[in-house]
Every structure is written in structure tokens, then in C-alpha cells.
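The structure under discussion appears below in the form of C-alpha cells.
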Amino acid sequence: MVGNMPVIDTAKCNLCGLCVSICKCGILVMEDDKVKVVGSVDCERCTKWCNACELVCPTGAITCPFEIVLEDSRD
Ligand code: SF4
Ligand code: SF4
Numbered sequence: 252m253v254g255n256m257p258v259i260d261t262a263k264c265n266l267c268g269l270c271v272s273i274c275k276c277g278i279l280v281m282e283d284d285k286v287k288v289v290g291s292v293d294c295e296r297c298t299k300w301c302n303a304c305e306l307v308c309p310t311g312a313i314t315c316p317f318e319i320v321l322e323d324s325r326d
């Protein structure tokens with residue numbers, strides 16, 4: 252796993268498969284009863300803050316290693 256790829260806590264994962272279904276770039280796969288991140292380079296969608304997998308996960312098992320910071324435009 253490298254750079255901005257999501258991190259999956261397999262201890263929290265209940266194998267519902269929602270993240271695999273929602274990922275538009277296909278880098279999340281269900282394999283050997285585990286969700287895995289495949290690919291050896293940073294996913295372009297991940298680096299553009301898709302974070303759909305993190306949002307859809309019902310158990311909080313996925314963490315995207317970035318956060319969206321909203322700047323206050325009233326300054
Ligand atoms: S952040 Fe988006 S593109 Fe990256 S693994 Fe999650 S759902 Fe897929
Ligand atoms: S959405 Fe969460 S609980 Fe469901 S398979 Fe993906 S990581 Fe596991």
C-alpha cells in the first residue's frame with residue numbers, strides 16, 4: 252500500500268461488500284474473505300478525494316488518508 256490509498260482495518264470489516272460495489276476505479280476487491288486494495292501506484296480517484304468507500308462503510312473499517320479542509324471564504 253502506498254501514498255494516498257485507503258487503509259482497511261480487517262478486524263472491523265464485516266465483508267458486506269459495499270465498498271467494493273461503490274469504488275468506481277475497481278481497486279477494492281474481495282479476495283480470500285478479505286477486502287484488499289490492489290494496485291501499486293496511487294489511485295487517481297483516491298488522490299482526488301473520492302472517499303466514497305470510507306463514507307459507505309457501515310463499520311468504519313476504511314480510512315482514506317486525507318481530509319477535506321474547508322476554508323472560510325468570509326476572511
Ligand atoms: S477513495 Fe474512491 S476510488 Fe479510492 S478506493 Fe475508495 S471508493 Fe475507490
Ligand atoms: S464497506 Fe466496510 S465492512 Fe463492508 S466490505 Fe468494505 S470495508 Fe468491509
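Take any residue in the sequence shown, count from 1 to its spot, add 251: that is its number in the numbering used here.
Beta carbons are placed, not taken as given, at the ideal position from N, Cα and C, and that holds for glycine.
These numbers come from a predicted model, not from an experiment.
CB of residue i within 8 Å of CB of residue j, strictly
{"i": "C264", "j": "V289", "result": "no"}
{"i": "A303", "j": "D260", "result": "no"}
{"i": "R296", "j": "C276", "result": "yes"}
{"i": "V271", "j": "V280", "result": "yes"}
Check: residue i C-beta below 7 Å from any heavy atom of ligand 2
{"i": "I313", "result": "yes"}
{"i": "C308", "result": "yes"}
{"i": "L321", "result": "no"}
Nearest candidate by alpha-carbon position, reference residue i, set the options
{"i": "C274", "options": "E322, D323, E282 and V307", "result": "V307"}
Near ligand 1: residue i beta-carbon under 7 Å from a heavy atom
{"i": "C297", "result": "yes"}
Nearest-angstrom Cβ-Cβ length linking residue i and residue j, presumed shorter than 8 Å
{"i": "C267", "j": "I278", "result": "Not quite, the Cβ-Cβ distance comes to about 18 Å (not below 8 Å), so this is no contact."}
{"i": "N255", "j": "T310", "result": "Going by Cβ atoms, the distance from N255 to T310 rounds to 22 Å, so no, they are not a contact pair."}
| message | Ignoring anything shorter than 3 residues, give me the beta strand (DSSP E) runs that lie fully in the stretch 252 to 318, in order along the chain. | response | Assignment of beta strand (DSSP E) within the stretch 252 to 318, counting only whole runs of 3 or more residues, yields 279 to 282 and 285 to 288 in chain order.
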